[in-house]
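Going by my numbering, the sequence shown opens with residue 21, and the numbers climb by one from there. Backbone N, C-alpha and C define an ideal beta-carbon position, used for all residues, glycine too.
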Amino acid sequence: VSPDAAPEQAPANVPLPGQDPRRAPAKSKGPPTPKSPHAAHAAPSPPLASQQLAPLPPPIDVKPAPGPPPAKPKPKPPLVLTPQNP
């Protein structure tokens, strides 16, 4: 079979105008393919509850820095709209 057997079909790797070139090209609509039976018979992973996790390290005490406490920031005055005189 020659590669020119279906000239009305556009090549799949040429982006069409109006499409986002970053997106993957749209898949051609064909008959839905059933999932392979090998995927259903994959080795099941052990349940998460049976896996042992390392113990957590002891908690860290967080203390404020030595010295006087930081001063509270002064609130900014509210913005006031003033008329502009020409």
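Item, Value
"For alanine 91 and leucine 73, what's the separation of their Cα atoms in angstroms?", "44 Å"
"Can you give the Cα-Cα distance for lysine 83 and proline 95, rounded to whole angstroms?", "27 Å"
"From proline 79 to glycine 87, what does the alpha carbon distance come to, in whole angstroms?", "24 Å"
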